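Structure, as structure tokens:
Numbering (this note's numbering), first residue to last: 13 to 277.
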């Protein structure tokens, strides 16, 4: 195991990164259809194909999740991911055509880099081409415009980025997570309760007004367990407990915090 989400069998991850423009996307591909779930907690989300992951809806499989920059513009990446999957005959069988099920969430990164350059369908396709089962690049990759610690003064934000980790439970079940952190709040060490970012915020005498819709933490939790749609949605809910332990404050009206869950058992 290499301590990231690709330790979960059947998960591949690929990035398309534009450092100059300060944006990009990350694609999580499921080699076998996964049961999906989602929980949207923030007040300003930018999402695609989330309703169908809820238990009351019919479709019971997911083929990819995209974590993208570019705010709502970046949701165009899903078209490229769908084209990549369609070319490989991957999708939900409607009896007429196979329709790839691709869910997505976006962060607002237009304030860093080039606001007129956003991830698009070509970006989503390139990320799929880069997808691997092996160790994945972390940090300033994918949505490279992520920032944190903007509660008091957005002009003194700290660089955010992408992280991933995994663990194996005693029964052999593997759980992995991947997160793009673009939070309005500080990042907190859950063990010590000390701020890892934004330590200057409490003494800042030049606070700036928050900009609505400009912050989001988006995540995917995947597991090798065999779960139904209800249980997978519960995992997505539980993932927000982790965000709340590591980000203060989380789930504000200025965030679009969204967690997806995938069960590949």
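Beta carbons: idealized from backbone N, C-alpha and C, even for Gly. None of these values were measured; they are calculated from a predicted model.
{"Query": "Backbone secondary structure at residue 242 - three-state DSSP", "Result": "helix"}
{"Query": "Cβ contact check for the region 48 to 67 and the region 13 to 30: 3 or more pairs under 8 Å", "Result": "no"}
{"Query": "Residue 245 beta carbon less than 7 Å from that of residue 67", "Result": "yes"}
{"Query": "Residue 188 to residue 154 span [Cα, whole Å]", "Result": "18 Å"}
{"Query": "Separation of residue 173 from residue 196, as counted between CA atoms", "Result": "13 Å"}
{"Query": "Distance between beta carbons of residue 236 and residue 13, contact taken as under 8 Å", "Result": "With a Cβ gap of about 12 Å, residue 13 and residue 236 do not count as contacting."}
{"Query": "Opening and closing residue of the beta strand (DSSP E) in which residue 36 lies", "Result": "35 to 52"}
{"Query": "Residue range of the alpha helix (DSSP H) that includes residue 91", "Result": "89 to 99"}
{"Query": "Segment contact flag, the region 253 to 260 with the region 190 to 205, C-beta cutoff 8 Å, min 3 pairs", "Result": "yes"}
{"Query": "Per DSSP, the bridge partner or partners of residue 104", "Result": "111"}
{"Query": "Supposed contact pair residue 93 and residue 136 - C-beta distance, whole angstroms, cut 8 Å", "Result": "4 Å"}
{"Query": "DSSP state of residue 257 mapped onto helix, strand, coil", "Result": "helix"}
{"Query": "Span separating the alpha-carbon of residue 53 from that of residue 112", "Result": "26 Å"}
{"Query": "Three-state secondary structure assigned by DSSP to residue 144", "Result": "strand"}
{"Query": "Between the CA atoms of residue 192 and residue 152 - distance to the nearest angstrom", "Result": "10 Å"}
{"Query": "The region 100 to 107 in contact with the region 69 to 81 per 3-pair CB rule at 8 Å", "Result": "yes"}
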